[in-house]
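Beneath this line is the structure, given in structure tokens, with notes to follow.
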Amino acid sequence: MFKEIFDNVREKCPLIHNITNYVTVNDCANVVLACGASPIMADDKDEVSDIQTICGGLNINIGTLNSRTIESMLLAGKRANELGHPVVLDPVGAGASKLRTETANQLLKEVRFTVIRGNISEIKTLALGNGTTKGVDADLADRVTKENLDEAAAFAKAFAGKMNAVVAITGAIDIVADAEKAYCIYNGRPEMSSITGTGCQLSALTAAFVTANQEQPLEAAAAAVCAMGLAGETAYARLSELDGNATYRNYIIDAIYRMNGEALEAGAKFEVR
Amino acid sequence: MFKEIFDNVREKCPLIHNITNYVTVNDCANVVLACGASPIMADDKDEVSDIQTICGGLNINIGTLNSRTIESMLLAGKRANELGHPVVLDPVGAGASKLRTETANQLLKEVRFTVIRGNISEIKTLALGNGTTKGVDADLADRVTKENLDEAAAFAKAFAGKMNAVVAITGAIDIVADAEKAYCIYNGRPEMSSITGTGCQLSALTAAFVTANQEQPLEAAAAAVCAMGLAGETAYARLSELDGNATYRNYIIDAIYRMNGEALEAGAKFEVR
Amino acid sequence: MFKEIFDNVREKCPLIHNITNYVTVNDCANVVLACGASPIMADDKDEVSDIQTICGGLNINIGTLNSRTIESMLLAGKRANELGHPVVLDPVGAGASKLRTETANQLLKEVRFTVIRGNISEIKTLALGNGTTKGVDADLADRVTKENLDEAAAFAKAFAGKMNAVVAITGAIDIVADAEKAYCIYNGRPEMSSITGTGCQLSALTAAFVTANQEQPLEAAAAAVCAMGLAGETAYARLSELDGNATYRNYIIDAIYRMNGEALEAGAKFEVR
């Protein structure tokens, strides 16, 4: 199944509109190109509707947000909803400032998202802000482990159901869930967290995957998460004793570029709960 | 001739002011350094005149434009004109949104450009917006090929004459033309389009080349286009089976860094029409 | 001593808030991660106080400043001062425009800095703007050499005393001084200046080092300068004949990633004047 999903990305070459932070934007553009899609970055309120109209999907990432770009995120998100385009939210740093938490919550209220992708802390912040599954949140640790995996998967499903979206919680173990089904994904390397923006890259990649596979957003998001993790493994295997996080960053994008559907199908490590 | 042009860049080390998008700005700065020039990035309206005054040339790139930076582009462009400094326009995404098309047209009306560099689609958008060579545009395909090369060269010359600028249309075959003469350039690799910003990098490089060679902007722009394409070839030859677009990006900048006038002269592949 | 200083960074993993330019921001984030600290980039006035509150230190870099971010720099700086957090200033391009010079001077007036790091030209601009050591400035050349090292060290000490901060002047020879003591540092390679943002990276690294070593800011800043220079040497030794400034950029960050306290202690080349 993941094979067909990735093949669809390379065949359909979807055009993905990104409103994203200026820290990792170049890597996001290159990873979208690496998977076979095309990126456009545009964040002015006077053009985001036009740009979204010619695109197939939208990726909203709130890292380095500001009052100017928040307005553009809302406009682009609403336009994407009107057009029936998939929209991904990366709530970078939700919980770290009032502005980020409030902006993420406002986006969730005014825009319908296909996928919400963040770490456990960000997703918990959103779930609390939306009054969901509070009991679970309170108990849930800030790290998904084998021990609390069932609990975390239940939390992801509950929040996915509440938001009517796919929820992707990434970390040592990744969970990608809709209301009914959770993929628990074991790809990836801990060293990926020493690179800035692997999460941002994954969100951009996810937008490409769900845009090329609109009838199966859960599986497309899970495939994107597996692809990123697998790229992290492949890239890690190439590193010499002198290489560090900068070379690792490049090799991960390279690995997406060289990956194909069959390699993804063969390398994906997951179970469904 | 291209040898002397590149040697001039390395000898004169021109300082190039860039108002450019936040996606590829780091690569633009590094490619300007790689060719022997120096970059300054500055986009606030309260400093662009000061910065342009201490620079030798200006590169305006409208990717990720916004209302704040559009004003700065106009101010910097006018100041460069007053000072007699070469100015390059990269109309990224002209045609993709009303804002980009109108901004590009406003820049063309209010600022005199030395070189206008874009892909065929962007340049056609500008030519139509300026009421030029409409018949040619209508017929001209969105890809320059051996079959339509004469037509494309005629279009480039006509638009160059209209704008009194050098026009560089880059793609599988590149055309660099003034009103009288068109360089048709065969350097480059198709894989370069899998990297974000090779076009942006080329515009920044072109600004460095024309600033160091002000008496021959056509040849300087053609030399920059050949240099970028040749770097794409040299870099491609280094790639292993594991390398992808991220490593390719680095190797292209590296190839500019290692290139000299003689290598450019020997590797440039072009004909004049 | 430098061993312990670097070990502290890796052990304490300080969270560093960066308000920095969009040119080199990705490299700044990756170099902060490479040394074992964590970066957050945030520049909106409505969140910088919140973000600074959860961080341990602040790095303010005025490259690509604008009216919106200048306000945020002042707010974040004042908040960091209230919290007793170390603050680093990188006055990129002070002297190149009125806006940069005035902004740097305003920051120096309204915010107390732990370290001020720039090249000799930038630091001279600040010293003149603050009315300090004018006689020395007037005579001091724009390049620190063995010949004028005593004079430059005296200038650095005088400005450090005036500002009650550590002053780091980087160039062929680096000087890191407080009012009493100047480290003259001989690490580094001239080729580092062919990469955009090695100075910006060093400022971000310095913020991490001083935040993890608050009781000895002079030594921490000197250690960061040695670490960056040593990384430049280590990375240079890896370069092939085909590599240029793009690969060199990656290898320098890699070298910080692979460096440890012992390697820094062994490789640091300095004298105290």
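Protein chains in written order, with my numbering: chain A, 30 to 302; chain B, 30 to 302; chain C, 30 to 302.
For every residue, glycine included, the Cβ atom is placed at its ideal position computed from N, Cα and C.
So which residues of chain B does residue i contact, with C-beta pairs closer than 9 Å?
i	result
PRO68/A	VAL52, THR225
ARG97/A	ASN95, SER96, ARG97
ASP75/A	ASN95, SER96, SER126, LYS127, LEU128
ILE83/A	ALA125, SER126
Can you tell me whether residue i is helix, strand or coil according to DSSP?
i	result
PRO219/C	helix
ALA185/B	helix
LEU118/B	strand
SER269/B	coil
ALA123/C	strand
ASP203/B	strand
ALA194/B	coil
LEU94/B	coil
ARG39/A	helix
VAL52/B	coil
ARG129/A	helix
GLN245/B	coil
GLU209/B	coil
GLY106/B	helix
ASP166/C	Since pLDDT at ASP166/C reaches only 43, below the 50 mark, its modelled position is unreliable, and no value is offered.
GLY226/C	coil
THR174/A	coil
MET30/B	coil
MET257/B	helix
ASP75/A	coil
GLU294/A	helix
VAL61/B	helix
ASN289/A	coil
VAL239/C	helix
Run through chain A and tell me which residues come within less than 9 Å of residue i, C-beta to C-beta.
i	result
LEU62/C	SER222, SER223, ILE224, THR225, ASN274
ALA309/C	Because chain C spans 30 through 302 in this model, residue 309/C falls outside it and cannot be assessed.
Run through the DSSP bridge pairs and tell me what residue i is partnered with.
i	result
ILE69/A	HIS46/A
PHE299/A	ILE214/A
LEU87/C	HIS46/C, VAL116/C
ILE145/C	LEU118/C, VAL196/C
Residue i versus chain B: which residues are under 7 Å apart at the beta carbon?
i	result
ASN216/A	None at all; the shortest Cβ gap to chain B is about 18 Å.
ASN88/C	Within 7 Å Cβ-Cβ: nothing; ASN88/C doesn't reach chain B, min ~18 Å.
Quick one: which chain C residues come within Cβ less than 9 Å of residue i?
i	result
TYR212/B	What TYR212/B touches in chain C: nothing, since even the nearest Cβ is about 26 Å away.
ASN47/A	In chain order: nothing, as chain C lies at least about 15 Å away.
ASN279/A	ASN279
Cβ closer than 7 Å: which chain C residues qualify as neighbours of residue i?
i	result
ALA58/B	VAL52, THR225
LEU271/A	ARG267, ASP283, ARG287
For residue i, go through chain A and note every residue whose CB falls closer than 7 Å to its CB, in chain order.
i	result
LEU136/B	What LEU136/B touches in chain A: nothing, since even the nearest Cβ is about 15 Å away.
Thinking C-alpha only, which one of the options is nearest residue i?
i	options	result
SER222/B	ALA201/B, ILE214/B, TYR212/B, VAL205/B	ALA201/B
ALA125/B	GLU220/A, PRO219/A, GLU76/A, ASN59/A	GLU76/A
GLY147/C	THR240/C, GLU100/C, LEU104/C, ALA156/C	ALA156/C
SER96/C	ASN289/C, PRO115/C, LYS74/C	LYS74/C
THR98/B	GLU176/B, ARG129/B, VAL116/B, LYS153/B	ARG129/B
ARG141/C	ILE149/C, LEU104/C, MET288/C	LEU104/C
THR263/A	TYR277/A, ALA252/A, ASP272/A	TYR277/A
ASN110/B	MET257/B, GLU33/B, LYS138/B	LYS138/B
LEU136/B	THR143/B, ILE214/B, MET102/B, GLU291/B	MET102/B
CYS255/B	GLY217/B, ILE281/B, ASP283/B, ASP272/B	GLY217/B
ILE281/B	ILE281/C, LEU271/C, GLY290/C, TYR286/C	LEU271/C
Under 8 Å by Cβ, that's how I've got residue i and residue j pegged, so tell me the actual separation to the nearest angstrom.
i	j	result
CYS64/B	LEU234/B	6 Å
GLY85/A	ILE45/A	7 Å
ALA250/C	ALA197/C	5 Å
ILE89/B	VAL116/B	7 Å
ILE91/A	THR132/A	6 Å
GLY228/C	ASP119/C	7 Å
MET288/A	THR93/B	Between THR93/B and MET288/A the Cβ distance is about 28 Å, and since that is not below 8 Å, they are no contact.
ASN279/C	ALA275/A	4 Å
Name the chain A residues whose beta carbon is nearer than 8 Å to that of residue i?
i	result
ASN55/B	ASN55
ASP79/C	ALA125, SER126, LYS127, LEU128
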